[in-house]
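What follows is a single structure, written as C-alpha cells, with notes after it.
Protein chains in written order, with our numbering: chain V, 615 to 852; chain H, 7 to 249.
In C-alpha cells, the structure reads:
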C-alpha cells in the first residue's frame, strides 16, 4: 500500500508520529447547523458498536482555553492575533489529544477542524494563502463530513434554540445595529467559503436541512463505509 | 522575505543570542533618541498582556511543543504588532524592538519547526529599516549568561529538546543552533552585523552612526510644543533581558 500523505504541509518535522491505526472524522458546518447534536449521537452509536471514541472541538485545549475565553470576553482580539490564538489551540489539541488518540486506535470525532478557523480568518480579511500555510502541520482527516444548510435554516434553528450571539453574527466585523442582519451577512459569507473548501479539501456534503435522524442516518452510512474493515473484525467477536 | 515598510515610521530592531548585549545597546539607543527629541516607542519580545497568562501557564506545566511554542509567540507578536507597533509606525514614530521575527526564525527552527512554515507565520510583519545583529562567539555569550543569572530556565535552556541532561550543556547546544540560523539570516534579510565583543561604548557609537544615517532628512512625528520630556507608553517589562 502506498503510504498516504498525512499532513497538508510540513507536519511536525521534529517528531515521527508513526502509524495511526485510529480514524479522524471531522464534522464541519455553520453555527447552529446541528454539529454537536450529531457528534453526541455518533459517539453513542460508535461506542455501542464497540469503538473507542474521543471527541474534540474548538477552544478546548488545556493550554489556551482560559486565555482565549478571557480575550474573547474582553473583545480585545485583533484579527491576526485572533487567527493565531485559535491556531495555537488547534495545534495543541492536535499534538496532545488527537494524534495520541489516533495512535491508540481511537476514532476521533472532531467538531469543526481548521477549515472553520480559516473561513472566519478569511472573512475578516486574512490572506487565504497565509491562513492555509499556517495549517501545514495539520493532519489530513480520514473523512470530512460537511453539514450544509441555508442561512434561513440556521436562523430558525438558533432562534428556537440557544439564540443568536455576538461572535456567530460576526458583530466584530459587521457592526450593524442588529444581530439579525449581521448574522445573515456573516454566515452567508462563511457558507460561500465552505463551498470553495468543499472541493479543495474533499468534503462529503450532507444536507442538514432535514430532520435530525435523517441526517444521522446519512452520517452513519458514510462512517460505515470508512470503517468497513474494522466492522468485520468486530462482527467475528459475536 | 518580509514586505517593505510603507509607513511613515521607522522600525529598528536588535537581534542576537542570549548574552549578546543587544538589550543594553537598544536601551542606550532609546535614551539617546529621546534626548534628540524624537518620538520613540519601545516594544519587547514576549510582552503582550493578552497572551501572558497562557504563556506562563504553558511554561509552568511544560505543555509546549515546538509548534505550539512557535504559534503562541507569534500570537504575542501579532497582538503587539496590530495594537502597538503598526499604529505607532503609521503615526510616524520610531519603533525600537528588542527581538523581532528573526528571533522566532532562529529559535523555532532550532527547535525543529519547518523554516518556510515559520517564515509564513510572520509574513504579516514588515522588514525593519534597520536590523542589527549582535554577534558574539558562543562561549562568551554563555559565560555572560551563566555568570549573571542564578539559574537557566527550562525553555530558555532548550531543555524541551532533550539535547542534554545538563542545563548549561543544553543551553550551549541550543544557542549554537540558533547562532547558525542567524548566520544564514544575515544575507536572507540583510541584517547588519555588529561585533558584540567590542566595548559597550564602541558598539553604541557604531549603532548611533547607522541610525543617524537612516534618519537623515527624515522628520517623523513631532512632539507637541511645551510637552514635558516625552516618553511614550512602553510595553510592560517582564523582567527579561540580559541585565
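Cβ atoms here follow ideal geometry from the backbone N, Cα and C, with glycine treated the same way.
Top-ranked residue by Cα proximity to residue i, from the options
i              : options                        : result
residue 225(H) : 11(H), 16(H), 9(H)             : 16(H)
residue 690(V) : 194(H), 86(H), 79(H)           : 86(H)
residue 730(V) : 644(V), 720(V), 631(V)         : 644(V)
residue 81(H)  : 695(V), 688(V), 684(V), 687(V) : 695(V)
residue 186(H) : 47(H), 67(H), 68(H), 108(H)    : 108(H)
residue 810(V) : 790(V), 827(V), 760(V), 633(V) : 760(V)
residue 127(H) : 150(H), 165(H), 149(H), 79(H)  : 79(H)
residue 169(H) : 162(H), 179(H), 161(H), 21(H)  : 179(H)
residue 24(H)  : 189(H), 213(H), 182(H), 229(H) : 182(H)
residue 296(H) : 33(H), 20(H), 67(H), 93(H)     : Beyond the ends of chain H as shown, which are 7 and 249, falls residue 296(H); an answer cannot be given.
residue 719(V) : 622(V), 642(V), 632(V)         : 632(V)
residue 100(H) : 38(H), 73(H), 190(H)           : 38(H)
residue 822(V) : 652(V), 672(V), 791(V)         : 652(V)
residue 11(H)  : 124(H), 122(H), 136(H)         : 136(H)
residue 685(V) : 675(V), 699(V), 746(V), 672(V) : 699(V)
residue 648(V) : 639(V), 707(V), 829(V), 842(V) : 829(V)
residue 217(H) : 228(H), 230(H), 198(H), 153(H) : 198(H)
residue 229(H) : 63(H), 174(H), 41(H)           : 41(H)
residue 807(V) : 842(V), 622(V), 746(V)         : 746(V)
residue 728(V) : 739(V), 714(V), 710(V), 754(V) : 754(V)
residue 650(V) : 744(V), 672(V), 814(V), 741(V) : 672(V)
residue 65(H)  : 84(H), 160(H), 73(H), 195(H)   : 160(H)
residue 622(V) : 666(V), 703(V), 743(V), 675(V) : 743(V)
residue 142(H) : 167(H), 73(H), 209(H)          : 209(H)
Presumed contact (8 Å Cβ cut-off) between residue i and residue j, rounded CB distance
i              : j              : result
residue 757(V) : residue 840(V) : 5 Å
residue 252(H) : residue 177(H) : This structure cannot settle anything about residue 252(H), because the visible part of chain H is limited to 7 through 249.
residue 736(V) : residue 765(V) : Not a contact, Cβ separation roughly 18 Å.
residue 36(H)  : residue 102(H) : 6 Å
residue 783(V) : residue 793(V) : 5 Å
residue 628(V) : residue 118(H) : 3 Å
residue 146(H) : residue 205(H) : Their Cβ separation, rounded to whole angstroms, is 13 Å, which puts residue 146(H) and residue 205(H) out of contact at 8 Å.
residue 677(V) : residue 56(H)  : Rounded, the Cβ-Cβ distance is 15 Å, inconsistent with contact.
residue 8(H)   : residue 172(H) : About 37 Å separates the two Cβ atoms, so there is no contact after all.
residue 76(H)  : residue 110(H) : 6 Å
residue 775(V) : residue 646(V) : 7 Å
residue 46(H)  : residue 138(H) : At roughly 16 Å, the Cβ-Cβ gap does not stay under 8 Å, so residue 46(H) and residue 138(H) are not in contact.
residue 693(V) : residue 670(V) : Contact flag wrong, Cβ pair sits at about 25 Å.
residue 723(V) : residue 656(V) : 6 Å
residue 134(H) : residue 18(H)  : 6 Å
residue 114(H) : residue 51(H)  : Wrong, their Cβ atoms sit about 13 Å apart, outside the cutoff.
Residue range of the beta strand (DSSP E) that includes residue i
i              : result
residue 35(H)  : Counting along the chain, residue 35(H) falls outside any beta strand (DSSP E), though it belongs to the alpha helix (DSSP H) covering 28-41.
residue 137(H) : 136-141
residue 71(H)  : Run containing residue 71(H): none; DSSP gives neither H nor E here.
residue 103(H) : 100-104
residue 48(H)  : 46-50
Where the alpha helix (DSSP H) through residue i begins and ends
i              : result
residue 715(V) : 713-717
residue 213(H) : 206-221
residue 88(H)  : Here residue 88(H) belongs to no alpha helix (DSSP H), and DSSP marks it neither H nor E.
residue 840(V) : 826-840
The ligand PLP heavy atom lying under 7 Å from the CB of residue i
i              : result
residue 619(V) : With respect to small molecules bound, the structure shown includes none, and the ligand PLP cannot be examined in it.
With 8 Å as the C-beta to C-beta threshold (strictly closer), list the residues of the region 112-133 of chain H near chain V in chain order.
117, 118, 119, 120, 122, 123, 126, 127, 129, 130
Name the residues in the region 747-773 of chain V whose C-beta lies less than 8 Å from a C-beta of chain H; which are they?
Within the region 747-773 of chain V, the residues whose Cβ lies closer than 8 Å to some Cβ of chain H are 747, 748, 750, 751, listed in chain order.
Which runs of the alpha helix (DSSP H) fall wholly inside the region 644-692 of chain V and span at least 4 residues, in chain order?
649-662, 679-688
Members of the region 696-719 of chain V near chain H, C-beta cut-off 7 Å
So the close ones are 698, 699, 701, 702, 705, 706, 709.
Between the region 77-91 of chain H and chain V, which residues of the former have a C-beta closer than 8 Å to a C-beta of the latter?
Flagged, chain order: 77, 78, 80, 81, 84, 85, 87, 88, 89.
Can you list the beta strand (DSSP E) stretches of 3 or more residues lying completely in the region 738-796 of chain V, in chain order?
757-762
Just by C-beta distance, which residues in the region 721-742 of chain V are closer than 7 Å to chain H?
none
Taking Cβ-Cβ distances below 8 Å as the criterion, which residues of the region 664-685 of chain V are in contact with chain H?
Close to chain H, meaning a Cβ-Cβ distance shorter than 8 Å, are the following residues of the region 664-685 of chain V: 676, 677, 678, 680, 681, 682, 684, 685.
Using a beta-carbon distance cut-off of less than 7 Å, what residues from the region 627-647 of chain V approach chain H?
627, 628
Quick check on the DSSP output: what are the complete beta strand (DSSP E) runs of length 3 or more inside the region 120-190 of chain H, in order along the chain?
136-141
Chain H contacts from the region 776-810 of chain V (Cβ-Cβ distance under 9 Å):
So nothing in the stretch comes that close.
For the region 36-51 of chain H, list every residue whose C-beta sits within 7 Å of some C-beta in chain V, in sequence order.
Residues passing the 7 Å Cβ filter: none.
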